[in-house]
Structure formats: structure tokens, C-alpha cells
Amino acid sequence: MTEAEASAMRIAASAAEPEPLIFRIAWVLPAGAGALAGFLLVGLYLGLVSWAQGFSHTQDLLWDDRYFVAAIAGGFAVQVGLFVYVRRLLSRRARGGAAVATATGTGTSTVAMVACCAHHVTDALPVLGLSGAAIFLNDYRIPLMTAGLAVNALGVAVMLRLAVVQTRRTREEAAS
């Protein structure tokens, strides 16, 4: 076999391989929706903290909590991306069976982020007569954020499982 024939065979073999998952067009919209959702969640965090304690405190707090905020927002972005992906698969198949589960998965992340930054509303709670709640939320900031990360991881696992199952079913239906 000549070098040209070997090269032609390698090119033909590489063309027969499926393209990597990250480059598939089906992931463009879900990835964009996930990224947008992550940025909006960080915007919500910044808005709540700025409203409660001012922008300079927001900058300091964002720097202090950057790992928690990035992990929670990243998990939320992944969940939203998977949600959009699964919804598109289901709409192609004209079934809505997983809609409740997918909505629950993304809802857990929203709850996690709100729990994470709820302690910043402590300035307003004493005015409303809720001093005990303000103390609780401020004292348990790190445990609340850690719980938010755990719930986030659970939500990603649920959404990933749904995406794998729905992708498999879609491929099986297309093959038959």
C-alpha cells in the first residue's frame, strides 16, 4: 500500500467516526441557554446583595464567595442546558413525559442559589420583625451554600440521566 492510499484510508476512517459531542449542532442552543441562565443567576445574586448592602459590599462578598457562586451558577447553567436539550428531544418525539422531572431538576438549582444568597436580605428582616430569621440566615451562610451545591449536584445528575435516556430512546426510534 502506498503512502497516498494509507492517507486516503485514514481520512475515510476519520470521516466515518461521529463528530465529538461538544461539536454537534444539537448542543449549540442548549449551551447558549445554559450560559445565559448562569449569567442571569449571578446577576440575581449581585442584585440581591447590592439591594441589601450596597455595591461595594457586593464586590467584596463576590470575591469572598467566588468559588461557591461560580460552582452554583455553573451547575445551574449545566442543568438549564440539559433541560433545553431534553425538551428539544421530547418535542421532536412529540412526547412530554419528562417535562415535570426536567422542571424539577432546574428548580432545585434555583432554590439552591436563593438559599445561598438569602442571608444577604438580613438587613431588611429586622425591620419586618424577623430578627431571628436574620440571625439564622447569616450564621448558616456557608452550610446553606454547601447544601445549595449538594442540591445542585443532584439536579445535574437527574438532568444528565434524563438526557442520556431520552437520547438513547430517540436513537432507537430513529433506527427502527
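So in numbering that gives the first Met the number 0, the last spot in the sequence shown is 175, and the numbers never skip. For each residue, glycine too, the CB sits at the ideal point set by N, CA and C. Predicted, not measured: the structure shown is a model, and the values here were computed from it.
Legend entry - Assigned secondary structure, TYR44 (DSSP; H/G/I helix, E/B strand, else coil): As a position in the sequence shown, residue 44 is number 45, starting the count at 1. DSSP places TYR44 in helix when its eight states are reduced to three.
Inset, instruction - Give the single residue among ARG86, GLN52 and VAL79 whose Cα lies nearest to the Cα of VAL164. - result: Translated into positions along the sequence shown, residue 164 becomes position 165. Of ARG86, GLN52 and VAL79, the smallest CA-CA separation from VAL164 is found for ARG86.
Legend entry - Nearest residue (CA-CA) to GLY74, options LEU153, ARG168 and ASP138: Taking the first residue of the sequence shown as 1, we reach residue 74 at position 75. That would be LEU153, whose Cα lies nearest to the Cα of GLY74.
Inset, instruction - Report the rounded CA-to-CA distance for LEU89 versus ALA174, giving the unit in angstroms. - result: Along the sequence shown, read from residue 1 onward, the residue named residue 89 stands at position 90. Along the sequence shown, read from residue 1 onward, the residue named residue 174 stands at position 175. LEU89 and ALA174 have their C-alpha atoms spaced approximately 17 Å apart.
Inset, instruction - Ignore the nearest five residues each way along the sequence and tell me which others in VAL126's own chain have a CB closer than 8 Å to its CB. - result: Translated into the one-based positions of the sequence shown, residue 126 becomes position 127. Confidence at VAL126 is low in this model, with a pLDDT of 49, below 50, so the placement of that residue is unreliable and no value is reported for it.
Inset, instruction - Return the first residue and the last residue of the alpha helix (DSSP H) that TRP62 is part of. - result: The residue given as residue 62 occupies position 63 in the sequence shown. From DSSP, the alpha helix (DSSP H) with TRP62 extends over 54-63.
Legend entry - Coil, strand or helix - TYR139 by DSSP: Numbered from its first residue, the sequence shown carries residue 139 at position 140. Coil.
Legend entry - DSSP-derived helix/strand/coil call for SER49: Within the sequence shown, numbered from 1, the residue matching residue 49 stands at position 50. Assignment of SER49 by DSSP, reduced to helix, strand and coil, places it in the helix class.
Inset, instruction - Count the other C-beta atoms from every protein chain shown that fall within 10 angstroms of the C-beta of ALA162, then say buried if there are 16 or more, exposed otherwise. - result: Within the sequence shown, residue 162 is the residue found at index 163, counting from 1. Its Cβ being crowded by 16 or more others within 10 Å, ALA162 is buried.
Inset, instruction - Taking all protein chains shown into account, decide if ASP122 is buried (16 or more other Cβ within 10 angstroms of its Cβ) or exposed. - result: Walking along the sequence shown from the start, residue 122 turns up at place 123. Low confidence applies to ASP122: its pLDDT is 49, below 50, so where it sits in the model is not reliable, and the reading given next is rough at best. ASP122 is exposed by the Cβ-count criterion.
Legend entry - Short Cβ contact (8 Å threshold) for ALA69 with ALA36: Mapped onto the sequence shown, residue 69 falls at position 70. Mapped onto the sequence shown, residue 36 falls at position 37. The Cβ atoms of ALA69 and ALA36 do not sit closer than 8 Å to each other.
Inset, instruction - Run the CB neighbour count on LEU28, radius 10 Å, all protein chains shown included, and call it buried at 16 or more, exposed below. - result: As a working mapping, residue 28 is identified with position 29 in the sequence shown. Around the beta carbon of LEU28, fewer than 16 other beta carbons lie within 10 angstroms, which makes this residue exposed.
Legend entry - Three-state secondary structure (DSSP) of SER175: As a working note, residue 175 is residue 176 in the sequence shown. Note: SER175 maps to coil in three-state DSSP.
Inset, instruction - Have a look at THR101 and ALA156 and give me their C-alpha separation to the nearest angstrom. - result: Position 102 of the sequence shown, counting from 1, holds the residue named residue 101. Position 157 of the sequence shown, counting from 1, holds the residue named residue 156. Residue placement at THR101 cannot be trusted, given a pLDDT of 48 that sits under 50; the coordinates are not used to answer.
Legend entry - Integer-rounded CB distance, given that ARG91 should sit under 8 Å from THR169: Along the sequence shown, one-based indexing puts residue 169 at 170. Along the sequence shown, one-based indexing puts residue 91 at 92. Confirmed, about 7 Å.
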